[in-house]
Every structure is written in C-alpha cells, then in structure tokens.
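Everything below concerns the one structure shown next.
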C-alpha cells in the first residue's frame with residue numbers, strides 16, 4: 021500500500037462508512053432557486069453584513085448603536101438574526117452532509133484503487 025499506516029487506517033475507516041440517500045418529504049427544506057436568491061439579499065445578506073460589521077466594533081460602539089434604537093428596531097434586528105441563523109443552519113446541514121458523503125466516497129475510491137494496485141503487484 022502506498023499510504024502510511026495512519027492515513028491507510030483513516031482512509032479504510034472512512035471508506036467503510038455507508039450511507040443511504042435521503043428521501044424527499046413534502047415538508048423538506050429546499051435551496052432557493054437562482055431567481056429566489058436575489059430576493060433573499062434582503063433580509064439575509066443584509067443581516068449577515070450587519071452582523072459582520074458589528075464584529076469590528078468595540079463594546080462601547082455597539083452600546084451606542086443599541087441605545088439609539090427603539091424597541092421595535094431592536095426586536096426587528098434580533099428577529100432578523102434568528103431568521104437568518106435558522107435559514108443558514110439548513111444550508112449548513114446540506115453542505116456538511118454532502119461534504120461527508122463526498123469524503124466517504126472518495127476514501128472508498130482510494131482504498132479500492134490501492135487494493136487493486138496491491139493485488140496486481
């Protein structure tokens with residue numbers, strides 16, 4: 021085998037994992053279409069930009085912002101954070117599951133090819 025023992029064991033362990041395809045459900049989350057993404061800039065991308073800008077402010081600067089807002093503004097901002105977090109949690113779950121499946125299948129290809137090469141030598 022051409023890989024080290026550590027990576028071979030890791031590849032073999034990952035390659036041995038199995039998964040079943042997801043089954044569609046009537047109430048499942050689906051990613052937005054290309055046309056829908058444009059309409060999602062407001063609120064999601066605006067909320068992300070606001071969150072990002074907030075991270076570069078000091079606590080006193082953020083306190084000033086909070087003090088300048090009325091209750092409705094604060095409520096809307098927090099609802100925007102919650103809604104955006106919920107939306108992107110679903111997106112993150114899709115990405116993480118797809119990544120794991122690609123890694124598993126990739127490891128299986130590597131182990132299969134290494135085993136075939138070893139058997140032919």
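In our numbering, the protein residues as written are 21 to 141.
Ideal Cβ placement from N, Cα and C applies to all residues, glycine included.
Kindly indicate which residue of 82, 109 and 104 has the alpha-carbon position closest to the one of residue 179.
As shown, the chain starts at 21 and ends at 141. That puts residue 179 outside it, with no answer to give.
At least 3 beta-carbon pairs within less than 8 Å: the segment 120–137 vs the segment 82–89:
no
Does DSSP put residue 112 in a helix, in a strand, or in coil?
The residue you call residue 112 lines up with position 92 of the chain shown. Residue state, collapsed to three classes: helix.
What's the C-alpha gap between residue 64 and residue 39?
Counting from 1 along the chain shown, the entry for residue 64 is found at position 44. Counting from 1 along the chain shown, the entry for residue 39 is found at position 19. The straight-line gap from Cα to Cα measures roughly 32 Å.
Expected contact under 8 Å - CB spacing of residue 71 and residue 101 to nearest Å:
Within the chain shown, residue 71 is the residue found at index 51, counting from 1. Within the chain shown, residue 101 is the residue found at index 81, counting from 1. Indeed they touch by this definition, with Cβ atoms about 7 Å apart.
Please look up how many angstroms separate the CB atoms of residue 122 and residue 51, rounded, as I've assumed it's under 8 Å.
Residue mapping note: residue 122 aligns to position 102 of the chain shown, counting from 1. Residue mapping note: residue 51 aligns to position 31 of the chain shown, counting from 1. No, residue 122 and residue 51 are not in contact; Cβ-Cβ is about 17 Å, not under 8 Å.
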